[in-house]
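With the working numbering, letter number 65 in the sequence shown gets 65, and the count goes up by one each step, no holes.
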Amino acid sequence: MIERLRADARSAIVGETVRPARRDAKRNGWNGTRGRIAASLLVLTLAVAGCTKKEAPYIEQPVDDLYNKAQDQLQQGNYAAAASAFEEVDRQHPYSEWATRAQLMSAYAYYEANDYDASVDAAQRYIDLHPGAPDVDYAYYLIGVDYYERISDVRRDQEMTQKARDAFNELIRRFPDSDYARDAKLKVDLTEDHLAGKEMAIGRYYQDRGEYVAAINRFRAVLEGYQTTTQVPEALMRLVECYLALGVRNEAQNAAAVLGYNFPETVWYERAYSLLQGQNLEPKRDQGSWLSRIF
Numbered sequence: 001m002i003e004r005l006r007a008d009a010r011s012a013i014v015g016e017t018v019r020p021a022r023r024d025a026k027r028n029g030w031n032g033t034r035g036r037i038a039a040s041l042l043v044l045t046l047a048v049a050g051c052t053k054k055e056a057p058y059i060e061q062p063v064d065d066l067y068n069k070a071q072d073q074l075q076q077g078n079y080a081a082a083a084s085a086f087e088e089v090d091r092q093h094p095y096s097e098w099a100t101r102a103q104l105m106s107a108y109a110y111y112e113a114n115d116y117d118a119s120v121d122a123a124q125r126y127i128d129l130h131p132g133a134p135d136v137d138y139a140y141y142l143i144g145v146d147y148y149e150r151i152s153d154v155r156r157d158q159e160m161t162q163k164a165r166d167a168f169n170e171l172i173r174r175f176p177d178s179d180y181a182r183d184a185k186l187k188v189d190l191t192e193d194h195l196a197g198k199e200m201a202i203g204r205y206y207q208d209r210g211e212y213v214a215a216i217n218r219f220r221a222v223l224e225g226y227q228t229t230t231q232v233p234e235a236l237m238r239l240v241e242c243y244l245a246l247g248v249r250n251e252a253q254n255a256a257a258v259l260g261y262n263f264p265e266t267v268w269y270e271r272a273y274s275l276l277q278g279q280n281l282e283p284k285r286d287q288g289s290w291l292s293r294i295f
């Protein structure tokens with residue numbers, strides 16, 4: 001798949017955008033990110049020559065020679081060297097059309113080199129300098145995936161998840177009709193499910209320690225902030241458990257009723273219903289409950 005993407009890049013027409021292709025992401029089973037990025041570049045079909053990342057005495061070179069060398073490094077998979085070479089285009093010929101293209105290409109090359117902070121910086125610089133450029137939506141998207149690639153297990157800090165969600169939402173807000181916005185919407189859903197999973201993990205931790213009020217606050221945060229995620233059914237069932245443990249039966253009955261109405265075929269409802277039956281209770285809606293304001 002990678003070789004096919006590279007072949008697509010080499011055969012692209014000057015100034016055209018190669019639309020996204022997909023391949024498996026490198027983590028979490030989330031598909032399409034790196035393949036989509038690789039196939040979305042503005043790649044120029046020019047004769048290419050070698051380039052090296054090592055420092056060399058400053059020798060001014062024609063802009064097309066510099067760009068060709070950077071492009072060669074990119075196509076050979078020397079991404080860190082390519083990023084430096086694209087930056088050299090901008091340094092030596094900052095007012096050329098090539099420099100504008102090189103700025104975005106350096107952001108992509110840093111992404112491929114797994115230098116995500118440098119990629120964010122380069123993409124943000126492109127946005128700051130060229131807010132009206134035709135490909136600025138791609139720069140916003142690239143910032144999002146720079147954070148998205150660093151999403152960690154729900155047991156760890158979720159700063160990167162939050163930044164990815166914010167970056168994708170910014171892209172969606174500014175460019176709602178962009179091809180990248182459509183993909184960003186899918187990734188927003190995944191980031192929100194991940195953030196909800198983090199809340200659930202903390203809630204279960206408090207519940208296991210018998211700190212039911214703290215646990216309820218976490219499960220409530222899931223229901224109030226992440227209603228469209230896959231974590232909601234379990235959050236409702238956990239509320240049933242916690243409220244029963246506290247002796248707040250009406251809230252437990254209400255949580256079970258909401259769960260049964262919205263997710264009747266889930267194992268979570270079966271468990272909640274069984275818990276109530278064990279105490280001779282039935283699911284029952286309470287219109288005065290905070291849950292009734294949400295569902």
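For glycine and all other residues, C-beta sits at the position ideal for the given N, C-alpha and C.
Alpha carbon to alpha carbon, what distance is there between residue j and residue i?
{"i": "GLY247", "j": "TYR273", "result": "16 angstroms"}
{"i": "ASP189", "j": "ARG155", "result": "19 angstroms"}
{"i": "ALA252", "j": "SER289", "result": "10 angstroms"}
{"i": "LYS284", "j": "LEU244", "result": "14 angstroms"}
{"i": "ALA221", "j": "THR100", "result": "44 angstroms"}
{"i": "HIS194", "j": "GLY260", "result": "24 angstroms"}
{"i": "LEU236", "j": "SER152", "result": "25 angstroms"}
{"i": "GLY132", "j": "GLU87", "result": "21 angstroms"}
{"i": "ARG249", "j": "GLU234", "result": "18 angstroms"}
{"i": "ALA107", "j": "ASP286", "result": "54 angstroms"}
{"i": "ARG27", "j": "GLU270", "result": "Because the pLDDT of ARG27 is 41, which lies under 50, any placement of that residue in the model is unreliable, and the question is left without a value."}
{"i": "HIS93", "j": "HIS130", "result": "16 angstroms"}
{"i": "GLN277", "j": "GLU192", "result": "33 angstroms"}
{"i": "GLU211", "j": "GLN103", "result": "52 angstroms"}
{"i": "SER96", "j": "VAL136", "result": "18 angstroms"}
{"i": "TYR238", "j": "ARG150", "result": "Per the sequence presented here, residue 238 reads as Arg, with Tyr not at that position. Going from the Cα of ARG238 to the Cα of ARG150 covers about 29 angstroms."}
{"i": "ASN78", "j": "GLN207", "result": "50 angstroms"}
{"i": "GLY50", "j": "TYR205", "result": "Unreliable positioning characterises GLY50 in this predicted model, as indicated by a pLDDT of 42, which lies under 50. A coordinate reading is not provided."}
{"i": "ALA312", "j": "ARG209", "result": "Coverage of the chain is limited to positions 1 through 295, which leaves residue 312 absent and any answer about it impossible."}
{"i": "TYR141", "j": "ARG174", "result": "11 angstroms"}
{"i": "ALA184", "j": "ALA109", "result": "20 angstroms"}
{"i": "ARG19", "j": "PHE219", "result": "Bear in mind that the predicted position of ARG19 carries a pLDDT of just 29, short of 50, making it too unreliable to give a figure here."}
{"i": "ALA85", "j": "PRO134", "result": "23 angstroms"}
{"i": "ILE202", "j": "GLN71", "result": "47 angstroms"}
{"i": "LYS53", "j": "THR230", "result": "Because the pLDDT at LYS53 is just 45, under 50, the model does not fix this residue reliably, and the point stays unresolved."}
{"i": "GLN75", "j": "ASP115", "result": "18 angstroms"}
{"i": "ALA47", "j": "PRO176", "result": "Unreliable placement is indicated for ALA47, whose pLDDT of 33 sits below 50; the coordinate value is still reported in the next sentence. Roughly 37 angstroms between the two C-alpha positions."}
If distances are taken between C-alpha atoms only, which option among the options comes closest to residue i?
{"i": "GLN61", "options": "ARG91, LYS163, TRP268 and GLY225", "result": "ARG91"}
{"i": "ASN187", "options": "ILE143, LYS284 and VAL222", "result": "Reading off the sequence, residue 187 comes out as Lys, not Asn. The option with the nearest alpha carbon to LYS187 is ILE143."}
{"i": "MET105", "options": "TYR138, TYR206, ASP117 and PHE263", "result": "TYR138"}
{"i": "LEU171", "options": "GLY278, MET200, SER84 and ILE127", "result": "ILE127"}
{"i": "LEU281", "options": "ASN254, ASN262, ALA82 and TYR67", "result": "ASN254"}
{"i": "ALA118", "options": "VAL89, ASP65, TRP98 and ALA83", "result": "ALA83"}
{"i": "MET200", "options": "VAL232, ASN68, TYR95 and ALA109", "result": "VAL232"}
{"i": "GLN162", "options": "ARG174, ALA85, ASP146 and LYS69", "result": "ASP146"}
{"i": "GLY197", "options": "PHE295, VAL240 and THR228", "result": "THR228"}
{"i": "ALA223", "options": "ALA257, LEU291 and GLU265", "result": "Note on identity: in this sequence residue 223 is Leu, with Ala being the wrong assignment. It is LEU291."}
{"i": "ALA113", "options": "LYS69, VAL89 and GLN73", "result": "GLN73"}
Note the first and the last residue of the continuous alpha helix (DSSP H) segment covering residue i.
{"i": "THR230", "result": "Taken as a continuous stretch (DSSP letters only), THR230 belongs to no alpha helix (DSSP H), as it is neither H nor E."}
{"i": "GLN124", "result": "116-129"}
{"i": "GLY210", "result": "From DSSP, GLY210 is part of no alpha helix (DSSP H); its letter is neither H nor E."}
{"i": "ALA164", "result": "159-174"}
{"i": "PHE263", "result": "No alpha helix (DSSP H) contains PHE263, which DSSP labels as neither H nor E."}
{"i": "LYS284", "result": "Taken as a continuous stretch (DSSP letters only), LYS284 belongs to no alpha helix (DSSP H), as it is neither H nor E."}
{"i": "ASN68", "result": "63-75"}
{"i": "ASP146", "result": "136-148"}
{"i": "TRP98", "result": "97-112"}
{"i": "ASP90", "result": "79-92"}
When you measure from the CB of residue i to every non-hydrogen atom of the ligand GTP, does any distance come out below 7 angstroms?
{"i": "TYR108", "result": "With respect to the ligand GTP, the structure offers nothing, as it holds no ligand at all."}
Original post:
Is the number of C-beta pairs between the region 215-228 and the region 175-186 that are closer than 8 angstroms three or more?
Top reply: With the cut-off at 8 angstroms, the region 215-228 and the region 175-186 do not touch.
Original post:
Per the contact definition of three or more C-beta pairs closer than 8 angstroms, is the region 123-132 in contact with the region 158-168?
Top reply: No, the region 158-168 is not in contact with the region 123-132.
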